[in-house]
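> First the structure, then my questions, so here it is.
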Amino acid sequence: MRRALVLACVLAAAPSAQADRFVNGPYLQHATPTSVTLMWEADATAPATITIHGGGGAAARVIEVAATARAEVVVDGLAPASRYRYEVRLGDRLAKGELTTAPPPGAPVPLTFVVYGDTRSSTDPHRQLVERVRTEVPDFLLGTGDLVDDGGQRSQWQTFFEVEGPLLADNVLYPALGNHDRQGRARSADAYRARFALPEGGPDPERVYAFTYGPARFVVLDSNASSFALTDQTAWLERELAAARQDRGIAHIFVVMHHPPYSISIHGGQRDLRERWTPLFEKYGVAAVFSGHDHCYQRAEAGGVHYFVSGGGGAPLYARGRRIAALDAAAVKRYERVIHYLRVHVVGARIEVTAVRVDGTPIETTAWGEVI
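Here it is as structure tokens:
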């Protein structure tokens, strides 16, 4: 009887001994000139403390976070284009990282960002890619979708954040919604939305959004054909592009979405996107469109717009398609079946895109615009 009582006490104590752990994160979301959002998921509902360390000998700032299992905290009151160290204490666990605020809208500052996607379910190549991207010093990350293989599986989201953890602790990720990131028969994005805090103002929150970072405007679209994205979203897209083009502080417009308008790989280019959206990209002078979906690297040009397929984030790689449409064949200038990411530099009117293999060797560099 005594042995049974001791065992019962041990079992009762086990949950509290394991409680107050980070399941996902902390990780960074949406950077503005005065704020950055911190998110994490814990294994139990528990309070936490965030400490922000500024430069120049400024006193540390402490933010108390009420008990929650999934936190989304906007750390505001920060200086533009500034870097801070942060700590998040959850019980006896301490996580550390660095966050950087965005420059003011229209500020003529150089930008560097990294683009990758289709990480899905292949953990080892995904982890290798993350380790390589960590050697870069980007202002932020753009995701071309299909972060996981099945958006309805909590375990896959946990794996994604476990692999991406060291990278996202210091870098903001702006993802596009991939077809695999959705869930259930309704193909909803509830699990995706719960794990990201993305800019507001789009017609379908967190599936469609836009943000300004210094001299560039970024428009992130939901290209899934089963959503309203190819109907009502088109009007919103044109309004966004027109407003950006009329803003004298915006030198470049970039678009991110999962499905590519042009591709010579298995899925091929998406006709609906070519019919509805590429005319708008051409009309308003979009600099580049970044997509995934086909698991490879591709560079295409059409109507004065540069198109990049970056779907080599870790998912099984795709070969060339067997039947390639003439429009796709004419547009695509480079294809490689490879795990990779894109490093994008923007300096004044100059844009430089380098595709980098996971071993660090460059595939190619494409540049356009005058050097000022």
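No gaps in the numbering here: position 94 of the sequence shown is 93 in numbering that gives the first Met the number 0, and each next residue is one more. Glycine included, C-beta positions come from ideal geometry on N, C-alpha and C. All values reported here derive from a predicted model rather than from experimental measurement.
1. Quick one, which of L77, A45, K95, V132 has its alpha-carbon nearest G311's?
2. Looking at S290 and P315, is the spacing between their C-beta atoms short of 8 Å?
3. Ignore the nearest five residues each way along the sequence and tell me which others in E369's own chain have a CB closer than 7 Å to its CB.
4. Based on the DSSP secondary-structure assignment, which residues constitute the bridge partners of Q297?
5. Using only the alpha-carbon positions, how far apart do A168 and L27 sit?
6. In whole angstroms, what separates the C-alpha of I323 from that of V74?
7. If you follow the alpha helix (DSSP H) that Y191 is part of, which residue opens it and which one closes it?
8. When we look at the beta-carbon of E239 and count the other beta-carbons within 10 Å, is it buried (16 or more) or exposed?
9. Of the residues G76, A65, G177, P107, which one's Cα is nearest the Cα of R88?
10. What number of angstroms, rounded off, separates the C-alpha of D293 from the C-alpha of T277?
11. Less than 8 Å between the CB atoms is what I'm expecting for H381 and P198, so what's the real figure, rounded?
12. Assign T230 to one of three DSSP states: helix, strand, or coil.
13. Does DSSP classify R244 as helix, strand or coil?
14. Which one of A329, G284, L272 has the shortest CA to CA distance from E300?
15. Which same chain residues, not among the five before or five after A287, have their C-beta less than 6 Å away from its C-beta?
16. Please work out which residues of its chain come closer than 6 Å, Cβ to Cβ, to T118, disregarding the five sequence neighbours upstream and downstream, and give them in chain order.
17. With C-beta atoms as the reference, is S309 less than 8 Å away from M256?
18. Just list the residues that DSSP pairs W367 with in beta bridges.
19. Please list, in chain order, all residues of the same chain as T67 whose beta carbon is under 7 Å from its beta carbon, the five residues on each side excluded.
20. Taking 6 Å as the limit between beta carbons, can you name the residues of its chain near Q127, skipping five residues before and five after?
21. Is S154 helix, strand or coil by DSSP?
22. Using beta-carbon positions only, say whether T134 and G116 come within less than 8 Å of one another.
23. To the nearest whole angstrom, what separates the beta carbons of C58 and P214, a pair I think is in contact under 8 Å?
24. Just checking my contact of L341 with F307 at CB under 8 Å: how many whole Å lie between their CB atoms?
25. What is the rounded straight-line gap between the Cα of L4 and the Cα of A70?
26. Counting only beta-carbon atoms, is N178 nearer than 8 Å to chain C?
27. What does DSSP give as the partner residues of V219 in its beta bridges?
28. For the beta strand (DSSP E) containing D42, list its first residue and its last residue.
29. Applying the 10 Å Cβ sphere with the 16-neighbour rule, what's the burial state of L176?
30. Please report the Cβ distance between T100 and V35, rounded to the nearest whole angstrom; I am assuming they are in contact, meaning their Cβ atoms lie under 8 Å.
31. Are the beta-carbon atoms belonging to V162 and V129 less than 8 Å from one another?
Taking the definition as stated:
1. Taking the sequence shown and counting its residues from 1, one reaches residue 311 at position 312. That would be V132, whose Cα lies nearest to the Cα of G311.
2. If you number the sequence shown from 1, residue 315 lands on position 316. If you number the sequence shown from 1, residue 290 lands on position 291. In this structure, S290 does not lie closer than 8 Å to P315 by Cβ.
3. Working through the sequence shown from its first residue, we reach residue 369 at position 370. Once the five neighbours on either side are set aside, the close Cβ partners of E369 are A348, R349.
4. Along the sequence shown, read from residue 1 onward, the residue named residue 297 stands at position 298. Q297 is bridged to V308, Y334.
5. Along the sequence shown, read from residue 1 onward, the residue named residue 168 stands at position 169. Along the sequence shown, read from residue 1 onward, the residue named residue 27 stands at position 28. If I take the Cα positions, the gap works out to 6 Å.
6. Along the sequence shown, read from residue 1 onward, the residue named residue 323 stands at position 324. Along the sequence shown, read from residue 1 onward, the residue named residue 74 stands at position 75. Straight-line Cα distance between these residues: approximately 49 Å.
7. Sequence index remark: in the sequence shown, residue 191 carries index 192 (1-based). Where Y191 is concerned, the enclosing alpha helix (DSSP H) stretches over 189-193.
8. On the sequence shown, residue 239 is found 240 positions in, with the first residue counted as 1. When all chains shown are included, E239 counts as buried.
9. Position 89 of the sequence shown, counted from the start, is the residue given in the question as residue 88. If we check each option's Cα against that of R88, A65 comes out closest.
10. Position 294 of the sequence shown, counted from the first residue, corresponds to residue 293. Position 278 of the sequence shown, counted from the first residue, corresponds to residue 277. Approximately 18 Å, taken between the alpha carbons.
11. The structure shown does not extend to residue 381, since the chain is modelled only from 0 through 371, so no value can be given for it.
12. Numbered from its first residue, the sequence shown carries residue 230 at position 231. Here T230 sits in coil by DSSP.
13. In the sequence shown, counting from the first residue as 1, residue 244 sits at position 245. Correct three-state label for R244: helix.
14. As a first step, residue 300 must be located in the sequence shown, where it is residue number 301. When only C-alpha atoms are compared, the closest one is A329.
15. Taking the sequence shown and counting its residues from 1, one reaches residue 287 at position 288. Taken in chain order, the residues that qualify are F253, H305.
16. Residue 118 sits at position 119 when you count from the first residue of the sequence shown. Excluding residues within five positions, the ones whose Cβ falls inside 6 Å are H125, L146, G312, G313.
17. Position 310 of the sequence shown, counted from the first residue, corresponds to residue 309. Position 257 of the sequence shown, counted from the first residue, corresponds to residue 256. No, these two residues do not count as a Cβ contact at 8 Å.
18. Position 368 of the sequence shown, counting from 1, holds the residue named residue 367. DSSP lists I350 as partners of W367.
19. As a working note, residue 67 is residue 68 in the sequence shown. Closer than 7 Å at Cβ, skipping near neighbours: T44.
20. Your numbering for residue 127 matches position 128 in the sequence shown. If we look at Q127 and ignore the five residues flanking it on each side, its Cβ neighbours are V357.
21. Here the question's residue 154 lines up with position 155 in the sequence shown. Correct three-state label for S154: helix.
22. Here the question's residue 134 lines up with position 135 in the sequence shown. Here the question's residue 116 lines up with position 117 in the sequence shown. No; because the gap between Cβ atoms is not below 8 Å, this pair is not in contact.
23. Within the sequence shown, the letter at position 59 stands for residue 58. Within the sequence shown, the letter at position 215 stands for residue 214. Note on identity: in this sequence residue 58 is Ala, with Cys being the wrong assignment. Contact flag wrong, Cβ pair sits at about 33 Å.
24. For this step, residue 341 is matched to residue 342 along the sequence shown. For this step, residue 307 is matched to residue 308 along the sequence shown. The pair is a contact, with the Cβ atoms about 6 Å apart (cut-off 8 Å).
25. As a first step, residue 4 is located in the sequence shown; it is residue number 5 there, counting from the start. As a first step, residue 70 is located in the sequence shown; it is residue number 71 there, counting from the start. Because L4 sits at a pLDDT of 33, beneath the cut-off of 50, its placement in the model cannot be relied upon, and the following sentence gives the value as read from the coordinates. When rounded, the distance between both Cα atoms is 37 Å.
26. You won't find chain C in this structure, because it holds only one protein chain.
27. Position 220 of the sequence shown, counted from the first residue, corresponds to residue 219. According to DSSP, V219 bridges with Y208, V255.
28. Against the sequence shown, residue 42 aligns to sequence position 43. That run of the beta strand (DSSP E) goes 35-52.
29. By one-based count along the sequence shown, residue 176 stands at place 177. So L176 ends up on the buried side.
30. As a working note, residue 100 is residue 101 in the sequence shown. As a working note, residue 35 is residue 36 in the sequence shown. Between V35 and T100 the Cβ distance is about 6 Å, and since that is below 8 Å, they are a contact.
31. Taking the first residue of the sequence shown as 1, we reach residue 162 at position 163. Taking the first residue of the sequence shown as 1, we reach residue 129 at position 130. Yes; because the gap between Cβ atoms is below 8 Å, this pair is in contact.
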